Every structure is written in C-alpha cells, then in structure tokens.
Amino acid sequence: KGPIEYSKGLEGVIAALSSISAIDGKNGKLIYRGIPIEMLAKYSTYEETAYLLLYGELPTKEALEKFSAQMRELRVIPKKVEECIVELPPNPHPMDILKVALAHSALYDPDRQKCCREGVMRKVIRIIAQLPTMIAYYHRARTGQEVIPPDPELSHAANFLYMLHGKKPDEEEARIFDIALILHAEHGLNASTFAAMVTASTLSDINSALLSAIGALKGPLHGGANERVLKMLDEIGSPDKAEEYVLNALKEKRRIMGFGHRVYKTYDPRAKILKEYAEYLSDKYNDRKYIEIGERIENIMIRELGKKGIFPNVDFYSGIVYQFLGIPRDLFTPVFAMARSVGWAAHVCEYTANNRIFRPRAYYIGPDYVEYVQLEKRR
Ligand code: CMC
Numbered sequence: 007k008g009p010i011e012y013s014k015g016l017e018g019v020i021a022a023l024s025s026i027s028a029i030d031g032k033n034g035k036l037i038y039r040g041i042p043i044e045m046l047a048k049y050s051t052y053e054e055t056a057y058l059l060l061y062g063e064l065p066t067k068e069a070l071e072k073f074s075a076q077m078r079e080l081r082v083i084p085k086k087v088e089e090c091i092v093e094l095p096p097n098p099h100p101m102d103i104l105k106v107a108l109a110h111s112a113l114y115d116p117d118r119q120k121c122c123r124e125g126v127m128r129k130v131i132r133i134i135a136q137l138p139t140m141i142a143y144y145h146r147a148r149t150g151q152e153v154i155p156p157d158p159e160l161s162h163a164a165n166f167l168y169m170l171h172g173k174k175p176d177e178e179e180a181r182i183f184d185i186a187l188i189l190h191a192e193h194g195l196n197a198s199t200f201a202a203m204v205t206a207s208t209l210s211d212i213n214s215a216l217l218s219a220i221g222a223l224k225g226p227l228h229g230g231a232n233e234r235v236l237k238m239l240d241e242i243g244s245p246d247k248a249e250e251y252v253l254n255a256l257k258e259k260r261r262i263m264g265f266g267h268r269v270y271k272t273y274d275p276r277a278k279i280l281k282e283y284a285e286y287l288s289d290k291y292n293d294r295k296y297i298e299i300g301e302r303i304e305n306i307m308i309r310e311l312g313k314k315g316i317f318p319n320v321d322f323y324s325g326i327v328y329q330f331l332g333i334p335r336d337l338f339t340p341v342f343a344m345a346r347s348v349g350w351a352a353h354v355c356e357y358t359a360n361n362r363i364f365r366p367r368a369y370y371i372g373p374d375y376v377e378y379v380q381l382e383k384r385r
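Put into structure tokens, the structure is as follows:
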C-alpha cells in the first residue's frame with residue numbers, strides 16, 4: 007500500500023459550518039458572534055455572553071433581564087439530585103461527580119421528553135444554570151459543610167462563589183470570575199465541543215451530548231490542564247528552579263501544561279487577559295510566588311519553543327486567578343465545564359438544526375486475510 011493522506015487528530019479538517027465563534031490562530035484573535043473577546047471581557051457578563059452565543063445576537067435590556075431571571079430561577083436543583091450529590095463519596099475527581107450529577111438530573115428534567123426548540127432551549131439553560139450548583143453542593147458536602155442554596159439576587163458568577171464559600175464575594179472578585187467564565191464560554195470545535203456534536207448528531211438528547219463533552223474536557227490535554235499547571239508551579243517551588251524544570255521536561259519530551267494549542271500559533275488572547283488578572287490578584291494579596299514562577303516558565307518556553315508556535319494557552323494563568331478566588335484546585339476543570347456548557351450547547355443546537363450524522367472512516371492498515379484458527383488449535 008502506498009502513502010495515504012489523512013489528518014491525524016483531524017488537524018485542519020473543516021467538519022461543520024458555524025457562525026458561533028472564530029479563532030485567528032496566526033494573529034491571536036478570538037471573536038464570539040463577531041465580537042472580539044476583549045470587548046466581551048470588558049463590557050459583558052456571563053449571562054449576556056451566554057445569550058449571545060445561544061441566540062446569535064446581543065440581547066436587548068428586556069431580553070437580558072428575562073434570560074437572567076430564567077437562569078436564576080433554574081439554578082435550584084431537584085431535591086433528589088441534591089440528595090444524590092451529598093451522598094457521593096468524597097474522593098473521586100469532581101469531574102466524575104459532575105457526570106453523575108448531570109446524568110442523574112436528566113431523569114428529573116420536566117422537559118425531558120421535549121424536542122421542540124423551546125423545550126430544548128429550556129433544557130440547555132437549565133443545565134447551564136445548574137452545573138455550578140452541582141459543583142458547589144458537592145464541594146460543601148465533601149468538606150462536611152452544609153450546602154448553600156443559590157441566591158437569586160446574585161449574578162451567575164457571584165452566586166457560584168457564594169455557594170462555594172458560604173459568603174458573598176466582593177464585587178471585584180465576582181467580576182474577575184465573571185470575566186474568566188466569559189473567556190471560557192466558547193472555543194469552536196475543540197475536543198469536548200466536537201464530542202458533544204458527535205453524540206448529538208445521532209439525534210441523541212442534549213444531556214447525553216453534554217455528558218460526552220464533560221468526559222472529553224476532563225483529559226489533561228484539554229480542560230484538565232489548568233489543575234496540572236498549579237501542581238507544576240508547586241513542584242517547581244521558586245522562580246530560580248523553573249529553568250532546570252522546564253529544560254529537563256523538554257529533554258524528556260514531557261509536555262508543559264498550559265502551553266501549546268492546535269489552532270493558536272501565537273499568544274492565546276484569553277491567556278493575555280487572564281495573565282493581567284493573575285498579576286493584579288498577586289499584587290492585591292501580596293503573594294507573587296505563582297505569578298513569578300509562571301512568568302519565568304513563560305519566558306523559557308517562548309525562548310525554547312516560541313519559534314514552533316508554542317505559547318501560553320487559556321489554562322496557564324486561569325489557575326492562578328482561581329487560586330486567589332479561593333477555588334479548590336480540583337474544581338478548576340469543573341469550573342471550565344460550567345463555563346463551556348454554553349458553547350457546547352450552542353454548537354449542538356446549531357449543528358443539529360441542519361444535522362448530518364458524523365461518521366468518518368479509518369484507513370485500514372491491518373492484514374488482508376487471516377485464517378480463523380479453532381480455539382483448541384491456537385498456541
Ligand atoms: N510542551 C512541550 N512541547 C509541546 C507542548 C507543550 N505543552 N505542546 C506542543 N508541544 C510540541 C510537541 O512536542 C510537538 O513537537 P514535535 O513537533 O517536535 O514533535 C509540537 O509541539 C506539536 O505538538 P502536537 O502535540 O502535535 O500539537 P497538537 O496540536 O496535537 O496538541 C495540545 C495541542 C494543546 C494538546 C498540546 O499543545 C499540549 O499537549 N499542550 C499541553 C496541554 C494543555 O495545555 N492543554 C490545554 C489546551 S488549551 C485549552 C483547552 O483546550 O483545554
């Protein structure tokens with residue numbers, strides 16, 4: 007057999023048409039529905055960005071109020087789901103808990119049987135609204151604390167921090183978290199979004215599609231990288247040890263978490279914004295250990311691999327921000343999931359509106375013919 011043309015990891019393959027977001031990987035630009043991410047980070051809220059992604063345009067004041075009210079109302083999870091979450095063992099990774107909680111909640115979804123647009127949209131908004139509650143409830147329960155019911159007076163971002171800590175965050179912290187959620191809300195056909203789309207393309211339900219996405223996001227090459235970045239910063243311990251650590255890792259062909267991207271061959275614009283907040287919070291709390299190690303790693307990586315297009319990605323500085331907001335490390339990836347749920351849902355809705363089942367092929371490289379040997383004759 008001669009050489010074949012195929013795209014390992016589907017690199018460069020266009021698998022769908024979409025008007026949800028676009029990445030310019032050469033110039034480090036990202037737009038949601040045409041709006042630059044920097045403008046959304048500056049002026050928008052997670053609720054408004056979610057509306058934009060789901061419905062295709064910025065909401066009017068009235069539409070935003072209605073949508074936000076719906077999100078607030080749907081935050082409360084069914085009692086049975088709460089009982090299930092608080093009974094779950096305290097040791098599994100919270101991403102596994104999130105799968106259990108989401109699968110369980112589908113059984114109590116009042117729109118479960120609905121497949122009309124309104125019904126699906128309600129299911130979607132319910133999931134986006136409830137994932138934070140599930141994460142916070144599990145964390146409270148596993149640490150032996152009472153769960154804190156959602157507060158309908160608070161924004162999506164502030165309410166999560168409140169449910170997690172049992173105390174209302176100050177405005178500035180809530181806003182920084184809101185911005186982090188906006189920056190994670192959508193990113194084209196990344197592995198988790200594509201996983202959701204593949205499941206949805208069989209005309210399975212939205213809950214199953216988002217469960218596929220959560221499973222894909224968990225991996226360290228995708229959303230699981232953020233948690234590992236902090237682990238690495240701890241392992242390094244001080245900025246003067248960064249050089250040796252990075253060079254050793256590269257020599258041993260180990261990946262530095264939070265660097266590199268399939269599409270960006272330059273600085274990820276989300277990382278740029280998150281770095282500013284990581285800097286800001288490090289100064290605010292007069293604790294510059296992580297940011298200084300992080301910046302040292304960044305300089306070494308760009309020096310060593312910048313010419314190959316390896317730069318910090320969204321996961322590199324997000325963990326430092328979350329750490330200062332008091333979010334436990336193993337919740338970093340679940341927080342990514344709760345933010346990205348809107349991107350997953352937007353793509354599922356867009357793709358299935360003009361659906362075709364995903365069904366690629368593999369190029370067979372095995373033998374052409376092998377005789378079947380009876381069991382008793384095999385050695
Ligand atoms: N550290 C060291 N070398 C790297 C890294 C890294 N983080 N990323 C890529 N490379 C090298 C890689 O070894 C390869 O070198 P060579 O050509 O000599 O074999 C070259 O760069 C291309 O790498 P690749 O694996 O072909 O790139 P990919 O597009 O298949 O993978 C990636 C993209 C994000 C999985 C990869 O860059 C990676 O493993 N990064 C670390 C994990 C990470 O930070 N993931 C978060 C991604 S962004 C947010 C998200 O999606 O969750």
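Going letter by letter, the sequence shown gives residues 7 to 385 in UniProt numbering. Every residue, glycine too, gets a C-beta built ideally from N, C-alpha and C. All values derive from a computational prediction rather than experimental measurement.
{"Query": "Cα separation between Glu54 and Lys32?", "Result": "28 Å"}
{"Query": "Taking 8 Å as the cut-off, is the beta-carbon of Pro65 closer than that to any non-hydrogen atom of the ligand CMC?", "Result": "no"}
{"Query": "With a threshold of 8 Å, are at least 3 pairs of Cβ atoms found where one atom belongs to the stretch 344-362 and the other to the stretch 170-185?", "Result": "no"}
{"Query": "Assign Lys105 to one of two classes, buried (16 or more other C-beta atoms within 10 Å of its C-beta) or exposed (fewer than that).", "Result": "buried"}
{"Query": "Which class does Phe330 belong to by DSSP, given the choice of helix, strand or coil?", "Result": "helix"}
{"Query": "Which residue or residues does DSSP assign as beta-bridge partners of residue 2?", "Result": "Residue 2 cannot be examined here, being either before or after the span of the chain that is shown, 7 to 385."}
{"Query": "Alpha carbon to alpha carbon, how far is Gly243 from Lys67?", "Result": "48 Å"}
{"Query": "What's the call for Lys313, buried or exposed, on a 16-neighbour Cβ count within 10 Å?", "Result": "exposed"}
{"Query": "Is Asp293 a contact residue of the ligand CMC, with contact defined as CB to any heavy atom under 8 Å?", "Result": "no"}
{"Query": "Excluding the five sequence neighbours on either side, which residues of its own chain have a C-beta within less than 6 Å of the C-beta of Ala206, listed in chain order?", "Result": "Ala215, Val354, Thr358"}
{"Query": "Beta-carbon within less than 7 Å of Glu282's beta-carbon, same chain only, minus the 5 sequence neighbours each way: which residues are those?", "Result": "none"}
{"Query": "Which residue comes first and which comes last in the alpha helix (DSSP H) that contains Val204?", "Result": "197-206"}
{"Query": "To which residues does DSSP link Phe265 through a beta bridge?", "Result": "Pro318"}
{"Query": "Which runs of the alpha helix (DSSP H), 4 residues or longer, sit entirely within the stretch 107-181?", "Result": "123-148, 162-171"}
{"Query": "Measure the CB-CB distance between Pro318 and Asp274 and report whether it falls below 9 Å.", "Result": "yes"}
{"Query": "Going by DSSP in three states, Ile83 sits in which element: helix, strand or coil?", "Result": "coil"}
{"Query": "Quick one: what's Ile41 bridged to in DSSP?", "Result": "Tyr38"}
{"Query": "CA-CA distance, Leu287 and Leu167?", "Result": "16 Å"}
{"Query": "Let's test the definition: count the other Cβ atoms within 10 Å of the Cβ of Leu223 and tell me whether it reaches 16, buried, or not, exposed.", "Result": "buried"}
{"Query": "Have a look at Asn305 and Glu178 and give me their C-alpha separation to the nearest angstrom.", "Result": "29 Å"}
{"Query": "Throw me the rounded Cβ distance for the Val252 and Gly325 pair, which I believe falls under 8 Å.", "Result": "Incorrect: roughly 17 Å between the Cβ atoms, too far for contact."}
{"Query": "Classify Tyr273 as helix, strand or coil using the three-state DSSP reduction.", "Result": "coil"}
{"Query": "Tell me which same chain residues have a C-beta within less than 7 Å of the C-beta of Val327, skipping the five on either side of it?", "Result": "Ile182, Ala186, Leu280, Tyr283, Ala284, Leu287"}
{"Query": "Are the stretch 38-48 and the stretch 188-197 in contact at 8 Å, needing three or more beta carbon pairs?", "Result": "yes"}
{"Query": "Could you name the residues of the same chain whose beta carbon sits closer than 6 Å to that of Leu60, not counting the 5 residues immediately before and after it, in chain order?", "Result": "Ala352"}
{"Query": "In three-state DSSP terms, what is Gly221?", "Result": "helix"}
{"Query": "Excluding five sequence neighbours on each side, which residues of the same chain lie with their C-beta closer than 8 Å to the C-beta of Asp115?", "Result": "Lys129, Arg132, Asn213"}
{"Query": "Does Asn97 come out as helix, strand or coil in the three-state DSSP assignment?", "Result": "coil"}
{"Query": "Suppose you measure from the CA of Gln76 to the CA of Pro158; what does that come to, to the nearest Å?", "Result": "10 Å"}
{"Query": "Taking only the alpha-carbon atoms, compute the straight-line gap between Ala21 and Arg385 and give it to the nearest angstrom.", "Result": "45 Å"}
{"Query": "For residue 388, which option in Val153, Arg335, Leu311 has the closest C-alpha, if you only look at C-alpha atoms?", "Result": "The displayed coordinates of the chain run from 7 to 385. Any statement about residue 388 would go beyond what the structure contains."}
{"Query": "Closer than 8 Å to a non-hydrogen atom of the ligand CMC - does that hold for the CB of Pro226?", "Result": "yes"}
{"Query": "Compare the Cα-Cα distances from Val348 to each of Pro98, Glu17, Val126 and report the closest residue.", "Result": "Val126"}
{"Query": "Give a single yes or no on whether Asp274 has its beta carbon closer than 8 Å to a heavy atom of the ligand FAD.", "Result": "For the ligand FAD, the structure offers nothing, since it holds only the ligand CMC."}
{"Query": "Suppose the cutoff is 7 Å on Cβ atoms and the five residues either side in sequence are ignored; what does the same chain contact list for Thr208 look like?", "Result": "Ile363"}
{"Query": "Can you find a C-beta in chain C that's less than 9 Å from the C-beta of Pro138?", "Result": "Here there is only one protein chain, and chain C is not present."}
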